[in-house]
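Visitor: I'd like to ask you about the structure that follows.
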Amino acid sequence: MLGNFTYCNPTKLYFGKDALNGLKEELPKYGKNVLLVYGGGSIKKNGIYDKVVAALNECGKTVYEDAGVMPNPTVDKLYEGVQRARDAKADFILAVGGGSVCDYAKAVSISVNCNEDPWEKYYIRFEDVDPDCKIIPVGCVLTMVGTGSEMNGGSVITNH
Numbered sequence: 028m029l030g031n032f033t034y035c036n037p038t039k040l041y042f043g044k045d046a047l048n049g050l051k052e053e054l055p056k057y058g059k060n061v062l063l064v065y066g067g068g069s070i071k072k073n074g075i076y077d078k079v080v081a082a083l084n085e086c087g088k089t090v091y092e093d094a095g096v097m098p099n100p101t102v103d104k105l106y107e108g109v110q111r112a113r114d115a116k117a118d119f120i121l122a123v124g125g126g127s128v129c130d131y132a133k134a135v136s137i138s139v140n141c142n143e144d145p146w147e148k149y150y151i152r153f154e155d156v157d158p159d160c161k162i163i164p165v166g167c168v169l170t171m172v173g174t175g176s177e178m179n180g181g182s183v184i185t186n187h
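Its first residue numbered 28, the sequence shown is counted upward by one per residue in the working numbering.
In structure tokens form, the structure reads like this:
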């Protein structure tokens with residue numbers, strides 16, 4: 028028999044045909060500088076990119092792009108994304124794509140203000156995020172589902 032437990036997952040999900048419209052409801056809650064993270068470009072072919080950028084512009088956001096996130100993103104790409112987020116002074120990271128893009132965005136968000144090598148701290152030593160470390164909020168526009176990356180705080184990063 029399953030024992031008593033408490034479960035809290037403060038993730039807000041929009042489902043349905045016009046779920047992308049929920050983005051305009053959420054974006055005003057966050058700062059001006061948005062790091063838009065995506066993969067190989069399929070979102071440009073299927074029209075989602077244009078809709079997301081239109082919503083960002085409509086909400087007065089300044090958009091900085093970080094494209095080319097591949098499946099099982101690498102630690103080198105993580106370092107690149109951390110620098111890009113720092114340069115942009117990102118207030119919000121918006122991942123558009125599948126689970127790997129979401130994983131990457133979450134890893135960048137906890138690493139931007141980390142004073143140590145994030146690979147060593149989070150993936151080798153499995154340390155918690157320091158309480159005084161500002162985590163950049165992350166939103167995900169999923170284009171495909173797989174492992175449920177949008178529902179948890181974990182992220183898979185690969186070091187070859």
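Note that beta-carbon positions come from the ideal geometry of N, C-alpha and C, so glycine has one too.
Just list the alpha helix (DSSP H) runs in the segment 113 to 164, keeping only unbroken ones of 4 residues or longer that don't cross its boundaries, in chain order.
Guide: Scanning the segment 113 to 164 from its first residue to its last, the whole alpha helix (DSSP H) runs of 4-plus residues come out as 126 to 138.
Visitor: Suppose the cutoff is 6 angstroms on Cβ atoms and the five residues either side in sequence are ignored; what does the same chain contact list for L50 look like?
Guide: In the sequence shown, the residue the question calls residue 50 occupies position 23. For L50, where only same-chain residues beyond five positions count, the Cβ hits under 6 angstroms are A82.
Visitor: Drop a sphere of 10 angstroms on the beta-carbon of Y41, count the other beta-carbons inside from all chains shown, and report buried for 16 or more, exposed for fewer.
Guide: Stepping through the sequence shown from its first residue, residue 41 is reached at position 14. Exposed: under 16 other Cβ atoms inside 10 Å.
Visitor: Which residues mark the beginning and the end of the beta strand (DSSP E) in which L63 is found?
Guide: Counted from its first residue, the sequence shown places residue 63 at position 36. Note, L63: beta strand (DSSP E), 60 to 65.
Visitor: Which runs of the beta strand (DSSP E) fall wholly inside the segment 75 to 102 and span at least 3 residues, in chain order?
Guide: 89 to 93
Visitor: Please state whether DSSP places V109 in a helix, a strand or coil.
Guide: Working through the sequence shown from its first residue, we reach residue 109 at position 82. V109 falls in the helix class under three-state DSSP.
Visitor: Could you tell me how far apart the beta carbons of I162 and S182 are, in whole angstroms, since I believe they sit closer than 8 angstroms?
Guide: Stepping through the sequence shown from its first residue, residue 162 is reached at position 135. Stepping through the sequence shown from its first residue, residue 182 is reached at position 155. I162 to S182, Cβ: 12 angstroms. No contact.
Visitor: Assign I151 to buried or exposed, taking buried as 16 or more other Cβ atoms, counted over all protein chains shown, within 10 Å of its Cβ.
Guide: In the sequence shown, the residue the question calls residue 151 occupies position 124. Result: exposed.
Visitor: Buried or exposed: where does G66 fall if 16 or more other Cβ atoms within 10 Å of its Cβ makes it buried?
Guide: As a position in the sequence shown, residue 66 is number 39, starting the count at 1. Looking at its Cβ environment, which holds 16 or more other Cβ atoms inside 10 Å, G66 is buried.
Visitor: Using the Cβ count rule (16 or more neighbours within 10 Å means buried), how would you classify L62?
Guide: For the purposes of this step, residue 62 is taken as residue 35 along the sequence shown, with counting starting at 1. Flag for L62 reads buried.
Visitor: Give every residue of the same chain whose Cβ lies closer than 6 angstroms to the Cβ of A112, excluding the five residues on either side of it in the sequence, and list them in chain order.
Guide: In the sequence shown, residue 112 corresponds to position 85, counting from 1. Excluding sequence neighbours, A112 sits near L62, V135, V139.
Visitor: How many angstroms separate the CA atom of E85 from the CA atom of D157?
Guide: For this step, residue 85 is matched to residue 58 along the sequence shown. For this step, residue 157 is matched to residue 130 along the sequence shown. When rounded, the distance between both Cα atoms is 35 angstroms.
Visitor: Let me know the secondary structure DSSP gives L20 once reduced to three states.
Guide: Given a span of 28 to 187 for the chain in the structure shown, any question on residue 20 remains unanswerable.
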